[in-house]
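Its first residue numbered -11, the sequence shown is counted upward by one per residue in the working numbering.
C-beta: ideal position from N, C-alpha, C; glycine also.
Bear in mind the structure is a predicted one, so any value in this text is a computation, not a measurement.
In what follows, a single structure is set out as structure tokens and then discussed.
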Amino acid sequence: MLRFKICGIVSLEDALLAIDAGAYAIGFIFVKKSPRYIHPESAKKIICSIPPFVQTVGVFLDEDPTTVKEICDFCGLDMIQFHGNESPEICRSFMPKSIKAIRVKDKQSIEKIALYKGCVRAILLDTYKKEKAGGTGESFDWALAVEAKKFGLPIILSGGIGPDNIRDAVSIVKPFAVDVNSKVEIRPGKKSAELIKKLRDALNINDRKKQR
């Protein structure tokens, strides 16, 4: 079964929508300038209210490592997604929880992956956009994602993935997992039950609702 993460969760209702649709992980964005920012207190309440065996991921952007650790410990996060210019050394210091996002603009972008071997568990590939660090709603050239696999790290594909293109994305790239955010939203921070259902149907994933 394809692993997928739904990111930008800000409510228990949306967390359960994601889980019922078969999400392997849910993501919380701890970047204050993001429209999907969630306070650690709120994230912890959600995490304590969801079923077990669902991975929880905290997204950080050039945050002070001490603050990252404090939030990670407070919320009980399973993984940390570094979405800024964090160095390999910073990522290594949080192993085995580290995932590094690389914003893909061209072939040169993916060459950065080599620097993070041994420092992260996986690489997340997102679309480069000068004014946005994430949540662009736009895809990039998936041929570059295929090439990125040569570095031997699990690839999480992100950037404009939604119900309309997830099958093509998976067929072309064959990633370890996909990351979905804005393409299953009514507005930033509010997920759509209808779009999440369409995503699930596109992947032919059985509903987990009866298992809770």
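Local conformation of F164 per DSSP, three classes: As a working mapping, residue 164 is identified with position 176 in the sequence shown. Note: F164 maps to coil in three-state DSSP.
In the DSSP assignment, find the alpha helix (DSSP H) that holds I109 and state where it starts and stops. Reading the sequence shown from its first residue, position 121 is the one you call residue 109. Correcting the residue type first, residue 109 is Arg in the shown sequence and not Ile. Premise fails: R109 is in no alpha helix (DSSP H) and is neither H nor E.
Assuming A131 and D114 make a contact with CB atoms under 8 Å, what is their CB distance in whole Å? As a first step, residue 131 is located in the sequence shown; it is residue number 143 there, counting from the start. As a first step, residue 114 is located in the sequence shown; it is residue number 126 there, counting from the start. Actually they do not touch by this definition, with Cβ atoms about 16 Å apart.
Tell me whether M83 is buried or exposed, calling it buried when 16 or more other Cβ atoms sit within 10 Å of its Cβ. As a working mapping, residue 83 is identified with position 95 in the sequence shown. M83 is exposed by the Cβ-count criterion.
Ordered along the chain, which non-local residues of its own chain (more than five positions away) have a Cβ less than 8 Å from that of I144? Counting from one through the sequence shown, the residue named residue 144 turns up at place 156. The residues are K(-7), I87, A110, I111, L112, L113, P163, F164, A165, V166 and D167.
Quick one: what's got a C-beta closer than 6 Å to R91's C-beta in the same chain, skipping five residues either side? Here residue 91 refers to the residue found at position 103 of the sequence shown. When the five nearest sequence neighbours on each side are left out, the beta carbons in the same chain lying within less than 6 Å of the beta carbon of R91 are those of D114 and Y116, in order along the chain.
Cβ-based neighbour list, I59, same chain, cut-off 7 Å, excluding 5 preceding and 5 following: What you label residue 59 is simply residue 71 of the sequence shown in a count that begins at 1. Correct list, in chain order: F18, P28 and G46.
Validate contact between the segment 0 to 18 and the segment 173 to 192 using beta carbons, cut 8 Å, 3 pairs: The segment 0 to 18 is in contact with the segment 173 to 192.
R188, buried or exposed, once every other Cβ within 10 Å from all chains shown has been counted against 16: Within the sequence shown, numbered from 1, the residue matching residue 188 stands at position 200. R188 comes out buried.
Check the C-beta distance from V158 over to L(-10) and give it rounded, since I have them as a contact under 8 Å. Working through the sequence shown from its first residue, we reach residue 158 at position 170. Working through the sequence shown from its first residue, we reach residue -10 at position 2. Going by Cβ atoms, the distance from V158 to L(-10) rounds to 6 Å, so yes, they are a contact pair.
Have a look at the DSSP bridge pairing and note the partners of V19. Start at 1 with the first residue of the sequence shown, and residue 19 comes out as number 31. BP columns for V19 are empty, so no partner.
Local conformation of E51 per DSSP, three classes: Sequence index remark: in the sequence shown, residue 51 carries index 63 (1-based). In the structure shown, E51 adopts coil according to DSSP, grouped into three states.
Any non-hydrogen atom of the ligand ATP within 8 Å of L112 CB: Ligands displayed in this structure: none; no statement on the ligand ATP is therefore possible.
L145 in three-state terms, based on DSSP: For this step, residue 145 is matched to residue 157 along the sequence shown. Looking at L145 - three-state DSSP - the assignment turns out to be strand.
Confirm, please, whether the CB-CB distance from I(-3) to I34 is below 9 Å. In the sequence shown, the residue the question calls residue 34 occupies position 46. In the sequence shown, the residue the question calls residue -3 occupies position 9. Yes, they are a contact pair.
Rounded to the nearest angstrom, what separates K137 and D129 at their Cα positions? In the sequence shown, counting from the first residue as 1, residue 137 sits at position 149. In the sequence shown, counting from the first residue as 1, residue 129 sits at position 141. Roughly 14 Å separates the two Cα atoms.
How many angstroms separate the CA atom of I7 from the CA atom of S22? Taking the first residue of the sequence shown as 1, we reach residue 7 at position 19. Taking the first residue of the sequence shown as 1, we reach residue 22 at position 34. Those two C-alpha atoms are separated by around 23 Å.
State buried or exposed for A102, treating a residue as buried only when at least 16 other CB atoms are found within 10 Å of its CB. Along the sequence shown, read from residue 1 onward, the residue named residue 102 stands at position 114. Exposed, by the Cβ-count rule.
Residue range of the beta strand (DSSP E) that S86 falls in? Here the question's residue 86 lines up with position 98 in the sequence shown. Residues S86 to V92.
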